[in-house]
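Novice: Before I ask anything, let me first share the structure, which is written out below as structure tokens.
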Amino acid sequence: MTVSSTLALHGGSPVRTEMLPYGRQSIREEDIQAVTEVLSSAWLTTGPKVSEFEKSLSNFVGASYGVAVNSGTAALQSAAYALELKAGDEVLVPTITFLASASVFAHLGVKPVFIDVEEDTLLIDVHCLEAKITPRTRCIVTVDYAGQPCEYHSIKEISEAHNMAIIDDACHSLGASYKGQPIGSIADMTAFSFHPVKHITTGEGGMVTSNQPGFLSVLRRYRNHGMNKDHRQRTEEQSWKYTVEELGFNFRLSDIQCALGISQLNRLSKMIDRRREIALEYDKVLSEIPEVNPLCVRNGRKHVYHLYVVRLDTQALSVNRDEIFNALRAEGIGVNVHYYPLHLQKAFQRITGCRKGDCPVAERMIDEIIALPIYPDMTCSEQSDVIEALGKVINYYRR
Ligand SMILES: *Cc1c(COP(=O)(O)O)cnc(C)c1O
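Mapping of the sequence shown onto the numbering used here: position 247 corresponds to residue 1154, and the numbering continues sequentially without gaps.
Rendered as structure tokens:
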């Protein structure tokens, strides 16, 4: 090795001097153009770009409509509201996910019940569902962790047998598919996020897609305070009147953001191809490093790699995951950990009574996983830095 083999953590020279992020947006000249065009138009919000973005994205995912909102969290909350869940109802949520998958329900007085995950994919373990179903269980929340679709065949069977809805938290999986069916058209409602680390960005933003006509008007009203008409409709009708039967929020996504979303969507397929190419290269290189194992990808699932997550064989290493994390960060590699199990977070323990021991697989896995940088604009030489740093750190700590 030409570079110093002394770890940067121990004062050696780092593989990179500038930190490589674990994920970041990809912005092109045409995105900037699209945004600036809207800035000189008549509508900055509730204008024509909103429905254009909704149509383009829902087409892309094979859904009959989409309702744009101002975050993935707002998309999840809107979907939860549209199901007419009542205080005291329960929903099943995998314990390894971003906290918004569960908190939106808690805000509506609905109890999240945490489900353990499969150890080799970190997807919700369908075998753990039945035991947690009660007469109050109304919904299963699926999370296509890292970008891999869940086992929808069994999940649909269980949800139909118990008359439960499915909300797909697809904030990791725009562009993914399960047995050829695109994510966004499988669940009763699907929530997407357009945060900068996700597959496409609008700065902040989200969307609910669905094939069920019944949810459309309630989703639209909920994002606009519960009003039956938005500003543009009232302008077109030369009227100031609206009615409010149920209260909602301001969850609107602006035309400025939707224009960025439309422009990003034009490159989504290419950006996914690039993510998959990076993942393939990691797979290839990691097959030579036995202490570092990528999560499994099941047959029939198109994985879109929002994250590239590996498991560390900590038995074969002289230090734990946190030490590997610190060593890689010191080398300039922005590794990350997604996510600390929700049933171990105090806020959820207080609300739901969940506790340590409820989801043993997740509790074990959280000490083994680490996410390597992946995003469409990551160059081959940046990926080589990640691989070099990983080799350097693992070599040093190998038992
Ligand atoms: C990003 C994310 C969210 C929340 O999306 P925001 O747009 O940040 O509100 C929800 N669930 C998962 C799994 C996510 O990754």
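C-beta: ideal position from N, C-alpha, C; glycine also.
In three-state terms, what does DSSP make of I1073?
Specialist: If DSSP states are grouped into helix, strand and coil, I1073 belongs with the strands.
Novice: Go ahead and pull the three-state DSSP assignment for L927.
Specialist: strand
Novice: Is DSSP giving L1219 helix, strand or coil here?
Specialist: strand
Novice: Inspect the beta-carbon positions of N1243 and A1269 and report whether they are closer than 8 Å.
Specialist: Contact: no.
Novice: What are the boundary residues of the alpha helix (DSSP H) that includes N1302?
Specialist: C1287 to Y1304
Novice: Is any heavy atom in ligand 1 found nearer than 7 Å to the beta carbon of A1013?
Specialist: no
Novice: For S1225 versus R1306, is the C-beta spacing smaller than 8 Å?
Specialist: Between S1225 and R1306, the C-beta spacing is below 8 Å.
Novice: I'd like to know whether the C-beta atoms of G1113 and G979 end up nearer to each other than 8 Å.
Specialist: yes
Novice: Hey, could you find the ends of the alpha helix (DSSP H) I1065 is sitting in?
Specialist: Y1059 to A1068
Novice: Please classify L1251: does DSSP put it in a helix, a strand, or coil?
Specialist: helix
Novice: Would you identify the three-state DSSP class for K1209, choosing helix, strand or coil?
Specialist: strand
Novice: Just to confirm, does F1156 get its C-beta within under 7 Å of one of the non-hydrogen atoms of ligand 1?
Specialist: no
Novice: In the DSSP assignment, what residue or residues form a beta bridge with L1224?
Specialist: R1305
Novice: Contact check, D1220 vs P1248 under 8 Å by CB: the rounded distance?
Specialist: Not really, about 20 Å apart at Cβ, beyond 8 Å.
Novice: Would you say the beta carbon of E1026 comes nearer than 7 Å to a heavy atom of ligand 1?
Specialist: Ligand 1 has no heavy atom closer than 7 Å to the beta-carbon of E1026.
Novice: Below 7 Å CB to CB, which residues in the same chain sit around A1094 once its five sequence neighbours on both sides are set aside?
Specialist: T1049, I1073, I1074 and D1075
Novice: Please specify which runs of the beta strand (DSSP E), each continuous and at least 3 residues long, are wholly inside the stretch 946-1014, giving them in chain order.
Specialist: Fully enclosed beta strand (DSSP E) runs of 3 or longer: 972-976 and 997-1001.
Novice: If you reduce the DSSP assignment to three classes, tell me which class A1278 lands in.
Specialist: strand
Novice: Quick one: using the 10 Å Cβ neighbour count with 16 as the cut-off for buried, is E1144 buried or exposed?
Specialist: Exposed, because fewer than 16 other Cβ atoms sit within 10 Å of the Cβ of E1144.
Novice: Per DSSP, what kind of secondary structure is P1019 in: helix, strand or coil?
Specialist: strand
Novice: Which same chain residues, not among the five before or five after I1179, have their C-beta less than 6 Å away from its C-beta?
Specialist: If we look at I1179 and ignore the five residues flanking it on each side, its Cβ neighbours are G1082 and V1211.
Novice: For T1286 and P928, I'd like the C-alpha separation in whole angstroms.
Specialist: As the crow flies, the alpha-carbon of T1286 is around 12 Å from that of P928.
Novice: With I1047 as the anchor, note down where its beta strand (DSSP E) starts and where it stops.
Specialist: From DSSP, the beta strand (DSSP E) with I1047 extends over T1044 to V1050.
Novice: Just the C-alpha distance for F1255 and H1014, rounded to the nearest angstrom, thanks.
Specialist: 11 Å
Novice: Just mark H1060 as buried or exposed, buried being the case when its beta carbon has 16 or more other beta carbons within 10 Å.
Specialist: Of the residues assessed, H1060 falls on the exposed side of the cut-off, its CB having fewer than 16 other CB atoms within 10 angstroms.
Novice: Check the C-beta distance from V1216 over to V1199 and give it rounded, since I have them as a contact under 8 Å.
Specialist: Rounded, the Cβ-Cβ distance is 11 Å, inconsistent with contact.
Novice: For F1156, which three-state DSSP category applies?
Specialist: coil
Novice: Give a single yes or no on whether C1078 has its beta carbon closer than 7 Å to a heavy atom of ligand 1.
Specialist: yes
Novice: Taking DSSP as the reference, what is the three-state secondary structure of V1268?
Specialist: helix
Novice: Would you report the Cα separation of S965 and A1098, rounded to the nearest angstrom?
Specialist: 11 Å
Novice: Does any heavy atom of ligand 1 sit closer than 7 Å to the C-beta of T952?
Specialist: no
Novice: Here's the rule I'm using: 16 or more other beta-carbon atoms within 10 Å means buried, otherwise exposed. How should R935 be labelled?
Specialist: exposed
Novice: Please check the pair L1172 and T1109, which I expect to be a contact at CB under 8 Å, by giving their CB distance rounded to whole angstroms.
Specialist: Their Cβ separation, rounded to whole angstroms, is 10 Å, which puts L1172 and T1109 out of contact at 8 Å.
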